[in-house]
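Numbering of the sequence shown is given in the numbering used here, commencing with residue 2 and proceeding in unit increments.
Report on the following structure.
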Amino acid sequence: MTDLGLYLAKRTVNKAEVSRRTGISKSRLTQLTSNDSAKLRADELYLIALAINVDPGEMFKELFGGLGLRDRD
């Protein structure tokens with residue numbers, strides 16, 4: 002399961018409802034929640050956040066907060 006999948010599962014989100022509200026297909030949501038090689042686009046994150054009544058910035062921080070810049074050499 003991907004970080005997005007864990008995030009949505011933790012909140013007991015109905016993916017069919019998210020699909021209906023966002024226009025993101027159920028198959029794409031399944032990809033995003035179960036396939037680590039699937040890349041979540043910014044527009045998809047924004048729409049999903051709106052559909053589940055979460056602040057998009059907070060959702061972004063939770064999903065990608067582990068990223069950081071490389072040290073300069």
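Heads up, the beta-carbon is just placed ideally off N, CA and C, and yes, glycines get one too.
Sub-8 Å separation of residue i and residue j beta-carbons
| i | j | result |
| --- | --- | --- |
| SER20 | LEU30 | yes |
Proximity winner among the options, relative to residue i (alpha-carbon distances)
| i | options | result |
| --- | --- | --- |
| LEU46 | SER38, SER35, GLY58 and ASP37 | GLY58 |
| LEU64 | LEU70, GLU18, ALA17 and THR34 | THR34 |
| ASN36 | LEU7, ALA50, LEU70 and ASP72 | LEU7 |
| GLY24 | LEU51, ASP72, ASP56 and LYS62 | LEU51 |
| LYS27 | LYS11, ILE49 and ALA43 | ILE49 |
Exposure of residue i, with buried meaning 16 or more beta-carbon neighbours within 10 Å
| i | result |
| --- | --- |
| LEU9 | buried |
| THR13 | exposed |
Rounded C-alpha distance that separates residue i from residue j
| i | j | result |
| --- | --- | --- |
| GLY67 | LEU41 | 16 Å |
| MET60 | ASN54 | 10 Å |
| GLN32 | ALA39 | 6 Å |
Three-state secondary structure assigned by DSSP to residue i
| i | result |
| --- | --- |
| SER20 | helix |
| LYS11 | helix |
| THR3 | coil |
| SER35 | helix |
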